[in-house]
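The numbering of the sequence shown is the numbering used here, which starts it at 132 and goes up by one. To start, the structure itself, in structure tokens.
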Amino acid sequence: MSVSLSKGQGVSLKKNEYDLSSVTIGLGWDINEEKKGFLGGIFGKKEEEYDLDVIAFLCNSAGKVTDLGNVENGKPTLVNGDIIFSTAFAISQEISG
């Protein structure tokens, strides 16, 4: 199953409706191309910075959010490796490395 979302949209995945033994979340975006004219070449332009945020909650059978602990600082696995989180830094390192 594949779902495409736009900014501000969400999707609910309920275990009784879908096989959730494995869930993959992929993120992609287009970077604006800098248009350089004559004056832009002389005066230059500050490069745009891009920020992409994503959030996902794992709920237990009662519909309550499960506490998985701290997932910051690039900790890649939690709960005996059953749940894997990758940071943007780790992903970019894999692509460029």
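The beta carbon of each residue, even a glycine, is placed where N, CA and C say it ideally should be.
In whole angstroms, give me the CA-to-CA distance for W160 and G139. The residue labelled residue 160 in the question sits at position 29 within the sequence shown. The residue labelled residue 139 in the question sits at position 8 within the sequence shown. Cα atoms of W160 and G139: separation of roughly 15 Å, rounded to the nearest angstrom.
Reduced DSSP secondary structure (H/G/I, E/B, other) of P207: Here residue 207 corresponds to residue number 76 of the sequence shown, with the count starting at 1. Reliability of the predicted coordinates at P207 is poor, the pLDDT of 48 falling under 50, and the value obtained from them is presented with this limitation in mind. If DSSP states are grouped into helix, strand and coil, P207 belongs with coil.
Based on the DSSP secondary-structure assignment, which residues constitute the bridge partners of V196? In the sequence shown, counting from the first residue as 1, residue 196 sits at position 65. By DSSP's assignment, V196 forms a beta bridge with C190.
Alpha carbons only, please: which of K195, G194, N191, L136 is nearest the one belonging to G157? Translated into the one-based positions of the sequence shown, residue 157 becomes position 26. When only C-alpha atoms are compared, the closest one is L136.
Compute the Euclidean distance between the alpha carbons of S133 and K145, then round it to the nearest angstrom. Along the sequence shown, one-based indexing puts residue 133 at 2. Along the sequence shown, one-based indexing puts residue 145 at 14. Distance between the alpha carbons of S133 and K145: 15 Å.
Roughly how many whole angstroms lie between the Cα atoms of S143 and L189? Locating residue 143 in the sequence shown gives position 12, where the first residue counts as 1. Locating residue 189 in the sequence shown gives position 58, where the first residue counts as 1. One Cα belongs to S143, the other to L189, and the distance between them is close to 11 Å.
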